[in-house]
Amino acid sequence: MSRDCDSLPENTIVVGCGAAGVDFLATVATYPKPDDKIRSTSFKIQGGGNAGNALTCTARLGLKPRIISKVADDTQGREILHELEVDGVDTSFMAVSKEGTSPFTYIIVDSQTKSRTCIHTPGFPPMKPDDLPESNLLTALNGARIVYLDGRLHETALVVAHEAWTEASTVSKALVCMLLRLPNIKFVIVTLGKDGCIMLERCVNEDPSAEEVVVDKLLESLEMRKNGSTHIPTCISSPVTKLHAEGIGTVCSRLYIGTAKNIPPSELIDTTGAGDAFIGAVLYAICANFEPEKMLCFAATVAASKCRALGARSGLPYRIDPCLASFMQ
26 MSRDCDSLPE
36 NTIVVGCGAA
46 GVDFLATVAT
56 YPKPDDKIRS
66 TSFKIQGGGN
76 AGNALTCTAR
86 LGLKPRIISK
96 VADDTQGREI
106 LHELEVDGVD
116 TSFMAVSKEG
126 TSPFTYIIVD
136 SQTKSRTCIH
146 TPGFPPMKPD
156 DLPESNLLTA
166 LNGARIVYLD
176 GRLHETALVV
186 AHEAWTEAST
196 VSKALVCMLL
206 RLPNIKFVIV
216 TLGKDGCIML
226 ERCVNEDPSA
236 EEVVVDKLLE
246 SLEMRKNGST
256 HIPTCISSPV
266 TKLHAEGIGT
276 VCSRLYIGTA
286 KNIPPSELID
296 TTGAGDAFIG
306 AVLYAICANF
316 EPEKMLCFAA
326 TVAASKCRAL
336 GARSGLPYRI
346 DPCLASFMQ
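See below:
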């Protein structure tokens, strides 16, 4: 990643391809057992879908996102488009089917366990590559700094990217495998929910004298350096080294562990869309040339803010939110 001075990105274009839908969110005191009849304690209808959520996050942070997705010309589809547009997401590249149904999800939020259960109904007809003519695709990509694919519309996503896969036995080995199989990847991040995230960054200028270290052991040593008493997100990194994954290979890289923000149980409302918020914040951080340590802490802060409200978008912070002030200086 760039180590240049941070430049806050205004009017920077990002393009996202993936899911946009409607979420029907019901909060309950505790998840029902079979044949139970219970009452919800709160209810909300709100836009959802991985790409829709992540791009809404980038729009509130000040970027200019464009979304590639598909809805039907029904009440839900029109509401999906309207909500995205109100937040500043360009929907002009969305495919709209004259018939069919728009995607939606029932989400049950358990107040006791702080978990959520999602029941998703895909839209019909599904999006196909032919729904996006090449001329429209080129226009959508024109001037874009980043293209984000959430993997939901896989046939369309494969027009511009190949899927990464590994058969590694641990997360850290899988990260090494991905960097080796995909030599143009600069870094890989895996999110771990309340346990934070792990990032592996490729180092272009390999040092022949760098020590070779087993990646699993290095990860364990970084985990031991975590400060469990702090409530704010932190990032712990290794020096540049040759990371070895047994049976896979070796890559010159740097390993990072990012911690999540510790949210008091009384303030934790809903984790729906926390991962999307994290991704949206990473997209912004890349455009702003944040260094990895700052990027991971920033993304964890944005994701934590989202968790303080019901639904994937209600808690997404705006660029001027006080919780982001230290990152925007």
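Residue numbers are given in the numbering used here: position 186 of the sequence shown equals residue 211, and the series is strictly consecutive.
Backbone N, C-alpha and C fix where the C-beta goes; we use that ideal spot for every residue, glycine too.
Exercise. Look at the alpha carbon of L174 and the alpha carbon of L80, and state the distance between them as a whole number of angstroms.
Key: Pairing L174 with L80, the inter-Cα distance amounts to about 11 Å.
Exercise. Count the other C-beta atoms from every protein chain shown that fall within 10 angstroms of the C-beta of Q71, then say buried if there are 16 or more, exposed otherwise.
Key: With 16 or more neighbouring CB atoms inside 10 Å of its own CB, Q71 falls in the buried class.
Quiz prompt | For Y343, the residue or residues it bridges with in DSSP | solution = In the DSSP output, where bridge partners are listed per residue, Y343 has none listed.
Practice problem: May I have the straight-line CA-CA distance separating T259 from L335, to the nearest angstrom? | Solution: In this structure, the alpha-carbon of T259 lies about 26 Å from that of L335.
Self-check item: CB contact flag (I38, V53, <7 Å)
Solution: No, these two residues do not count as a Cβ contact at 7 Å.
Quiz item: The alpha helix (DSSP H) with W240 in it runs from where to where?
Solution: The amino acid occupying residue 240 in the given sequence is Val; Trp does not appear at that position. First-last of the alpha helix (DSSP H) with V240: 240–248.
Quiz item: Who are the near neighbours of V215 in its chain, counting only those whose CB is closer than 6 Å to its CB and skipping five residues on each side?
Solution: The residues are V196, I223.
Quiz prompt | N- and C-terminal bounds of the beta strand (DSSP E) containing A323 | solution = It is worth fixing the name first, because residue 323 is Phe in this sequence and not Ala. Looking at the DSSP string, F323 is not in any beta strand (DSSP E); the run it does join, the alpha helix (DSSP H), is 317–331.
Quiz item: Relative to the C-alpha of V47, which residue among L106, L86, I93, K58 is closest?
Solution: Nearest option by C-alpha distance: L106.
Self-check item: Any beta strand (DSSP E) of 3 or more consecutive residues that is wholly inside the stretch 128–186
Solution: Segments of the beta strand (DSSP E) lying fully in the stretch 128–186: 129–135, 140–146, 169–174.
Practice problem: Classify I1 as buried or exposed, calling it buried when 16 or more other Cβ atoms lie within 10 Å of its own Cβ. | Solution: Given that the chain is displayed from residue 26 to residue 354, the structure contains no residue 1 and the question cannot be resolved.
Quiz item: Per the contact definition of three or more C-beta pairs closer than 8 Å, is the stretch 138–154 in contact with the stretch 81–96?
Solution: Enough Cβ pairs lie closer than 8 Å, so yes.
Quiz item: If we call anything under 7 Å between Cβ atoms a contact, is L341 one with A302?
Solution: In this structure, L341 places its C-beta atom within 7 Å of the C-beta atom of A302.
Self-check item: Nearest-angstrom Cα separation, counted from S246 out to L163
Solution: Rounded to whole angstroms, the gap between the alpha carbons of L163 and S246 is 46 Å.
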